[in-house]
Amino acid sequence: MRRFLLSVLIVAGCHSTARQPDGPSARRIVSLLPSFTEILFAIGAGDRIVGRTTWCDYPPAALAIPSVGDGMPPNIEAVAARKPDLVVLYNSGPNVTAAKQLERIGIHTVLLDLNRLEDLGPAARTLGRLTGLEERAESLATAMDSLAARPRPPSTASLAFVVWDNPPIIIGTGSYLHQLAALAGARNVFGDVAAPSAQVSLETIAARDPQWIAVLSDSGATPAFAKRQEWRAVRAVRQGHFLLLKGSLFGRPGPRSGEAVKELKALLAR
Amino acid sequence: MKWTLLVIVAVLALAASVVLGPAAVPLNELLRSDIVWNLRAPRALLAFLVGGSLGVAGASLQALVRNPLADPFLLGLSGGAGLGAVIAIALHLSGPWALPIAAFVGALAALGLVYRLGLIGGAALDPRILLLGGVAIGAFAAAITTAIVSLADAAELRNAFLWLWGGLSGASWDAVLVVALYAPIPLAVLLAASRPLDLLALGEEPARYLGADVEAVKRRVYLAASLLTAAAVAVSGVIGFVGLVVPHLARLTWGHRHRALLPAAFIGGGALLAIADTLARTVVAPRELPVGVVTALIGVPVFALLLRRWTIA
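Protein sequences appear in the order of chains A and B. Note that the numbering used here gives residue 192 to position 192 of the first sequence, counting from 1, and the numbers run on in steps of one. Basically the numbering used here = 1-based index in the second sequence + 1000.
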C-alpha cells in the first residue's frame, strides 16, 4: 500500500505523461521557461530546442532559436507549429490547462516546479531522463543539490528586495531570491514573511533599516522611486545603497545560480 | 451633537493613524520620529483629504444623476487613470511624479470624453447618458490598457495594475500639499451648488420652476466632482466604496440638505479612509492589506446597521 501511494506521489509530483523511462529520447523540444532553456543547454540538449520564450536570453545561442511568444500563457498554436515531441512547462495553473490542450493534439508535455534552489536538481534529472542525457544531467543536478544544501554563512550585511514601489512589495522567505541572499551572507530583513512576496508599509521598511535595497534591474539604472520624497525615509535609499541585480542572472533559478551568489557576494563586499 | 460626534471621530481617526503603525515608535519619541513625521503624518492627512474628496464627489454625483448607485469612479475616471499610468510606464517616462501626472491626464481625458458624450443631442447634459457614457468610456480605456499590458514586453507593465490599486503607499508631504492646494477649489464649487442640488433632487422640471439654472448647475457639479476624483486617483489610485457609501451614511443621519450633507460627507469620508488605512497598515503587520478591502469590510456592516435602524424608525 505504501509503495503504491509512493508511486502515485511520484507520478503526481512530476505531472509528466505516461512516457516510459526507456522510451525514445526527445529530439524536438519547446522550452517555455528561461530556466529550462538554460538547464537544457547545460546538459547538452541545447541543439534539440526548437522553440523558446521571448525571455529565454541565455546562453547567447538560445537567441538563435525561434521564439513562440512570452509563454504567459503559452500560445498553443505557435508551440504546436514547431512540431515538438516534448514541451517543458513551468507548473502553474494556466500552464496545466495549456499542457492538457497540447496533450490532446498528441504532443508530450512535462510540467516541472521551479521556484526554489532545491527544485533545480529534480528538474535537471527529469530533463536528463527525457532527453537520454542522464549522466550530464546527474552531474548538474548534484552540483545544484549541493548548492541548495550548502550551509549558510553568517550574515555580514542586511538587505530588502523591493520588487515594486507603490505599493511596496518585498521578497519573503518563500522566494528563491531570499535563498540567494542567505547564501551570499546577506540577511533579508523580511525573514519573518513566509510568502514569496508581500505588500508591506513603507514605514516597515524604514523601521527595519536594511543596509541595502536590492532591486532587479536590467538597465542598471537606479530605480525611479529613489527620487520620491516618501522613500527618503529609508536610510539605504537616502544613502544610495542600491544593489542593482540583472534580471536575467538573478531573476531565475538555474545552472548559473552559483554564479549569482558569487556576484551578489562581490556586490556586498564593495 | 451629531456634528460634535463626527468631529471627535475624525480627530480620533487622525490621531490613531499617526500613533499606530507596524513600526514600534515609543510615545515619547513620537514627535521626533522620522517615520511618524515623514511617513505616517502625510499618509494620515492624505487619507483624510482623499476620503473627504471622494465622499463629497460621490454625494454630488448621486444627486446629479439621481441614482443611488453612482460612485465617483463609475464615470470612467479609473479606466482613464489606469490607461494614463500604463502609457507612462510603456513610454519609460521617469521622474517621481510621472505616474501620478499621467494618471491625472488620463482621468481628465476620460472626463472630457464622457462630458462630450453627455452633451450629445443638445446643450443639456443628460444624466443617463453621463452614466452610460462613463461606463462605456471606462470599459474602453480598460480594454486598451489590457491590450497594451499583454502586447508590450516590458515586465514592469504588469505592475501598472498594482499602482492603480496601490492606495496611499505613495503618500508624501508633496502629495498632501498638492491635494491641499487643489481640492478646495472643486470643493468650494460643489458647496456653493448646495441649494441647486437640493432642488435638482426634486427632478429637473421642478428645479427649473423653482429658479435653478439647471443646465449650468449640472455642468458645474459634474466637472467639479470629476476633477476632485481625478486628483484622488492620481495620488492614491482607485479606492472603492468611500464615495459610494459615505454619502448614503451622511444622508441617513443629516438628511437631504446638501449644505449639511456635503460637509458631513467630507468629514465622514476622511475619517473612514483614515481609519481604514490605519487598519490596513496594522492588522496583518508586517504585511499590509489593500486599503480598498478594508473600506469595504468596515463600510458595508456600518451601512447595513444604519439602514436597518433607519427603516425601523
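Glycine residues also receive a C-beta, built at the ideal position from the N, C-alpha and C atoms. Being a predicted model, the structure only gives us computed values, none of them experimental.
Residue i in three-state terms, based on DSSP
{"i": "residue 21/A", "result": "Per-residue confidence for residue 21/A stands at a pLDDT of 48, beneath the threshold of 50, marking its modelled position as unreliable; no derived number is given."}
{"i": "residue 59/A", "result": "coil"}
{"i": "residue 109/A", "result": "strand"}
{"i": "residue 1309/B", "result": "helix"}
{"i": "residue 199/A", "result": "strand"}
{"i": "residue 261/A", "result": "helix"}
{"i": "residue 76/A", "result": "helix"}
{"i": "residue 242/A", "result": "strand"}
{"i": "residue 30/A", "result": "strand"}
{"i": "residue 1032/B", "result": "coil"}
{"i": "residue 67/A", "result": "strand"}
{"i": "residue 1287/B", "result": "strand"}
{"i": "residue 307/A", "result": "Beyond the ends of chain A as shown, which are 1 and 270, falls residue 307/A; an answer cannot be given."}
{"i": "residue 178/A", "result": "helix"}
{"i": "residue 83/A", "result": "coil"}
Residue span of the beta strand (DSSP E) that contains residue i, given as start and end
{"i": "residue 168/A", "result": "168–171"}
{"i": "residue 214/A", "result": "212–216"}
{"i": "residue 165/A", "result": "157–165"}
{"i": "residue 1261/B", "result": "From DSSP, residue 1261/B is part of no beta strand (DSSP E) but of the alpha helix (DSSP H) over 1258–1282."}
{"i": "residue 89/A", "result": "86–90"}
Cβ of residue i within 9 Å of any chain B Cβ
{"i": "residue 142/A", "result": "no"}
{"i": "residue 124/A", "result": "no"}
{"i": "residue 227/A", "result": "yes"}
{"i": "residue 199/A", "result": "yes"}
{"i": "residue 232/A", "result": "yes"}
{"i": "residue 38/A", "result": "no"}
{"i": "residue 256/A", "result": "no"}
{"i": "residue 310/A", "result": "Because chain A here runs from 1 to 270, residue 310/A falls outside it and cannot be looked at."}
Chain A within 9 Å of residue i, Cβ atoms only
{"i": "residue 1285/B", "result": "yes"}
{"i": "residue 1215/B", "result": "no"}
{"i": "residue 1166/B", "result": "yes"}
{"i": "residue 1040/B", "result": "yes"}
{"i": "residue 1228/B", "result": "no"}
{"i": "residue 1288/B", "result": "yes"}
{"i": "residue 1159/B", "result": "yes"}
{"i": "residue 1122/B", "result": "no"}
{"i": "residue 1095/B", "result": "yes"}
Cβ pair residue i, residue j closer than 9 Å
{"i": "residue 1021/B", "j": "residue 1287/B", "result": "no"}
{"i": "residue 1007/B", "j": "residue 1018/B", "result": "no"}
{"i": "residue 1219/B", "j": "residue 1125/B", "result": "yes"}
{"i": "residue 1200/B", "j": "residue 1058/B", "result": "no"}
{"i": "residue 90/A", "j": "residue 63/A", "result": "no"}
{"i": "residue 1274/B", "j": "residue 1081/B", "result": "no"}
{"i": "residue 43/A", "j": "residue 137/A", "result": "yes"}
{"i": "residue 167/A", "j": "residue 1290/B", "result": "yes"}
Run of the alpha helix (DSSP H) containing residue i, from where it starts to where it stops
{"i": "residue 51/A", "result": "Per DSSP, residue 51/A belongs to no alpha helix (DSSP H); it is in the beta strand (DSSP E), 49–51."}
{"i": "residue 190/A", "result": "Residue 190/A -> no alpha helix (DSSP H), and no H or E assigned at all."}
{"i": "residue 1248/B", "result": "1242–1254"}
{"i": "residue 1218/B", "result": "1214–1236"}
{"i": "residue 144/A", "result": "134–149"}
Residue-level contact to chain E via CB, residue i, 9 Å cutoff
{"i": "residue 166/A", "result": "Although the question refers to chain E, the structure presented lacks it and instead comprises the protein chains A and B."}
Residue i beta carbon near the ligand SAH (any heavy atom closer than 8 Å)
{"i": "residue 28/A", "result": "No copy of the ligand SAH appears in this structure; indeed no ligand is present at all."}
Does the contact criterion of 3 or more C-beta pairs under 8 Å hold for the stretch 127–141 of chain A versus the stretch 150–157 of chain A? The stretch 127–141 of chain A is not in contact with the stretch 150–157 of chain A.
Contact between the stretch 1163–1170 of chain B and the stretch 1223–1242 of chain B is defined here as three or more beta-carbon pairs at a separation below 8 Å; is this criterion met? In this structure the stretch 1163–1170 of chain B lies against the stretch 1223–1242 of chain B, because at least three pairs of beta carbons, one per stretch, are closer than 8 Å.
Quick one: any contact between the stretch 1074–1085 of chain B and the stretch 1263–1279 of chain B, if contact means 3 or more CB pairs under 8 Å? no
With three or more C-beta pairs closer than 8 Å as the rule, is the stretch 1207–1222 of chain B touching the stretch 1258–1267 of chain B? no
Check whether the stretch 1169–1183 of chain B and the stretch 1036–1052 of chain B are in contact - that is, three or more C-beta pairs closer than 8 Å. By the criterion of at least three beta-carbon pairs nearer than 8 Å, the stretch 1169–1183 of chain B is in contact with the stretch 1036–1052 of chain B.
For the structure I just gave you, are there three or more beta carbon pairs, one from the stretch 43–52 of chain A and one from the stretch 67–84 of chain A, closer than 8 Å? yes
Are at least three pairs of beta-carbons, each pair with one atom in the stretch 195–209 of chain A and one in the stretch 223–243 of chain A, less than 8 Å apart? yes
Does the stretch 1061–1072 of chain B touch the stretch 1025–1045 of chain B, meaning 3 or more C-beta pairs lie closer than 8 Å? no
Contact between the stretch 190–201 of chain A and the stretch 223–232 of chain A: three or more CB pairs below 8 Å? For the pair of segments examined, the stretch 190–201 of chain A was found not to touch the stretch 223–232 of chain A: the number of CB pairs separated by less than 8 Å stays below three.
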